[in-house]
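Protein chains: 2
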Amino acid sequence: MPRRSAIEVASSRAETLAAAVQLASVVGLEGLTIGRLADRLGMSKSGLVGRFGSKEQLQLATLEQAADIFRRTVYEPASAAPAGLARLNAICDAWVAYLARPPFLGGCFLTTAMVEFDARPGPVNNAVKKVMRRWLAVLEREASTAIDNGELPADTDPKDVAFTINALAVGTNCDFQLNRNPGSLQRARRAMTAVLGR
Amino acid sequence: MPRRSAIEVASSRAETLAAAVQLASVVGLEGLTIGRLADRLGMSKSGLVGRFGSKEQLQLATLEQAADIFRRTVYEPASAAPAGLARLNAICDAWVAYLARPPFLGGCFLTTAMVEFDARPGPVNNAVKKVMRRWLAVLEREASTAIDNGELPADTDPKDVAFTINALAVGTNCDFQLNRNPGSLQRARRAMTAVLGR
DNA sequence: CCTACCGATCGGTAGG
DNA sequence: CCTACCGATCGGTAGG
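Just so you know, the sequences run in chain order A and B.
Numbers in the numbering used here are just positions in the first sequence, counted from 1, shifted up by 869.
Numbers in the numbering used here are just positions in the second sequence, counted from 1, shifted up by 869.
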């Protein structure tokens, strides 16, 4: 029996993480137990521990993977739009589309992780904070550009714009996951327009 | 040994629920295990099961208790203000105060419960939906009155107002619990003012 | 990567 | 309300 090549190992790690993201989006990062994930992958618990080291390491890797998907889905494609207001609107559109047809079964992974770990200091809490800071920084930078472009009033606080867009996004995700009312997405988009369109 | 009087039983149930709300606000409704709560109350697991019947019944009773506290803290005192815009602003003020100095250790209980149970159909999910509907109905009714009073533009959709205020509240709670930045509360209040002040 | 196993905890029952 | 106990699952280790 030859040992697995580096590529096979990497792809098996990627497959493991893909399954982990799907599972955790439904049951949360705490519900992502070694036993359940091992079962779903048809492997033993100790095999999984061997790959990640501990449940916490698995949680961190899964969160990182989910953050990558969020970035690629919500705010990276928007860089095709001109910086400033147009790009902010592209981000809001992508975000609504992301929520309407989420790449994870259980809705926005980051919102769940944020709520799960907001009161539990530790590496996962720190990682969630970092992901959220990066996302808010993107919003804030585009808001700044929009102000420089004269697309938003000169006295606008870019941090206010970023904060409000994100709060609407997170709050809407919660409402939408609970009630599954597509009208919520339209309301949210209108509210974002109001923030960007004063 | 005389049996406990009805009053003693009731007060002991109330004390149990008070402890349950505090515990669940930190560890979530799923983390509210029979063993942990029994430990904290200095009683046996089976004694606790005897009081509530099952973990799910305990979760339902705890949620109801938390919803009562939310109601009494956030939107009942606002009925002292005149119906319409003034009352909406009183509710927003009370909500910011509630978040700044929450009656539960772990921040807004309802947000946590909403995220925890949004993907798990069952009695707890239904109860969370009911609580949220009641809260949104309060916001919507005051928005309608504000429109009738001419305090909001005639073409305002009261459902939009209720949705947006709630989304800001939930999203802000998540951000605030994670980052503990008091400035977030001021930003949120300003965003609510913008919704109510166009 | 596996089997076999560890002590802890889960929700809950039996019996009093 | 208690003690004693049930089978399942938790994160993880030992040993190969």
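For each residue, glycine too, the CB sits at the ideal point set by N, CA and C.
Remember, predicted model here, so these are calculated numbers, not experimental data.
DSSP state of Ala-1060 of chain B mapped onto helix, strand, coil
Position 191 of the second sequence, counted from the first residue, corresponds to residue 1060 of chain B. If DSSP states are grouped into helix, strand and coil, Ala-1060 of chain B belongs with the helices.
Does Glu-925 of chain A pass the burial test, meaning 16 or more other C-beta atoms within 10 Å, or should it be called exposed?
The count along the first sequence starts at 1 and reaches residue 925 of chain A at position 56. Result: exposed.
Answer with buried or exposed for Ala-883 of chain B, where buried requires no fewer than 16 other C-beta atoms within 10 angstroms of its C-beta.
Indexing the second sequence from 1 puts residue 883 of chain B at position 14. Label assigned to Ala-883 of chain B: exposed.
Determine the contact status of Thr-980 of chain B and Val-895 of chain B, defining contact as a CB-CB distance below 8 Å.
Your numbering for residue 980 of chain B matches position 111 in the second sequence. Your numbering for residue 895 of chain B matches position 26 in the second sequence. Not a contact, by the Cβ cut-off of 8 Å.
Exposure of Thr-1062 of chain A, with buried meaning 16 or more beta-carbon neighbours within 10 Å:
The residue given as residue 1062 of chain A occupies position 193 in the first sequence. Counting the other Cβ atoms within 10 Å of the Cβ of Thr-1062 of chain A gives fewer than 16, which makes it exposed.
Would you mind listing the alpha helix (DSSP H) stretches within the region 896 to 921 of chain B that are 4+ residues and don't spill past its ends, in chain order?
Restricting attention to alpha helix (DSSP H) runs no shorter than 4 residues, the region 896 to 921 of chain B encloses them at 903 to 910, 914 to 921, ordered along the chain.
Measure from the C-beta of Gly-953 of chain A to each C-beta in chain B and report whether the shortest distance is under 8 Å.
By 1-based counting over the first sequence, the position of residue 953 of chain A is 84. It does not: the Cβ of Gly-953 of chain A has no partner Cβ on chain B nearer than 8 Å.
Closer than 9 Å, Cβ to any Cβ of chain A: which residues of the region 1016 to 1044 of chain B, in chain order?
With the criterion set as a beta carbon lying under 9 Å from some beta carbon of chain A, the members of the region 1016 to 1044 of chain B are Asp-1026, Lys-1028, Asp-1029, Phe-1032, Thr-1033, Asn-1035, Ala-1036, Leu-1037, Ala-1038, Val-1039, Gly-1040, Thr-1041, Asn-1042, Cys-1043, Asp-1044, in sequence order.
Output, in chain order, the set of chain B residues within a Cβ distance shorter than 7 Å of Arg-1100 of chain A.
Summary: the structure shown does not reach residue 1100 of chain A, with chain A confined to residues 870 through 1067, and so no result is reported for it.
What three-state label does DSSP hand Gly-1019 of chain A in the structure shown?
For the purposes of this step, residue 1019 of chain A is identified with residue 150 of the first sequence, where counting begins at 1. It is coil, neither helix nor strand.
8 Å Cβ cutoff met for Asp-1044 of chain B and Ala-1036 of chain A
Walking along the second sequence from the start, residue 1044 of chain B turns up at place 175. Walking along the first sequence from the start, residue 1036 of chain A turns up at place 167. Yes, Cβ-Cβ distance for Asp-1044 of chain B and Ala-1036 of chain A is below 8 Å.
Identify which residue in A:Ser-1053, A:Gly-897, A:Leu-1054 has its Cα closest to the Cα of Leu-974 of chain A.
As a first step, residue 974 of chain A must be located in the first sequence, where it is residue number 105. For the residues A:Ser-1053, A:Gly-897, A:Leu-1054, the minimum Cα distance to Leu-974 of chain A belongs to A:Gly-897.
Between which two residues does the alpha helix (DSSP H) carrying Tyr-944 of chain A extend?
Residue 944 of chain A sits at position 75 when you count from the first residue of the first sequence. For Tyr-944 of chain A, there is no enclosing alpha helix (DSSP H), as DSSP marks it with neither H nor E.
Secondary structure at Arg-1003 of chain A, three-state DSSP: helix, strand or coil?
Position 134 of the first sequence holds residue 1003 of chain A. Here Arg-1003 of chain A carries a helix assignment [DSSP, helix/strand/coil].
Do the CB positions of Leu-1047 of chain B and Ala-1012 of chain B come within less than 8 Å of each other?
Counted from its first residue, the second sequence places residue 1047 of chain B at position 178. Counted from its first residue, the second sequence places residue 1012 of chain B at position 143. No, these two residues do not count as a Cβ contact at 8 Å.
Rounded distance between the beta-carbons of Gln-928 of chain B and Val-993 of chain B, thought under 8 Å:
As a position in the second sequence, residue 993 of chain B is number 124, starting the count at 1. As a position in the second sequence, residue 928 of chain B is number 59, starting the count at 1. Between Gln-928 of chain B and Val-993 of chain B the Cβ distance is about 5 Å, and since that is below 8 Å, they are a contact.
Nearest to Trp-1004 of chain A by alpha carbon, out of A:Thr-1025, A:Gly-904, A:Arg-940?
The residue given as residue 1004 of chain A occupies position 135 in the first sequence. Looking at the Cα atoms, A:Arg-940 is the closest of the given residues.
What residues in the region 894 to 928 of chain A bring their beta carbon closer than 9 Å to a beta carbon of chain B?
Going along the region 894 to 928 of chain A in chain order, one finds Ser-894, Val-895, Val-896, Gly-897, Glu-899, Gly-900 with a Cβ nearer than 9 Å to chain B.
Is the shortest distance between the beta-carbon of Val-1003 of chain B and the beta-carbons of chain A less than 8 Å?
For the purposes of this step, residue 1003 of chain B is taken as residue 134 along the second sequence, with counting starting at 1. Residue identity differs from the one stated: residue 1003 of chain B is Arg in this sequence, not Val. Using a CB distance cut-off of 8 Å, Arg-1003 of chain B does not count as an interface residue toward chain A.
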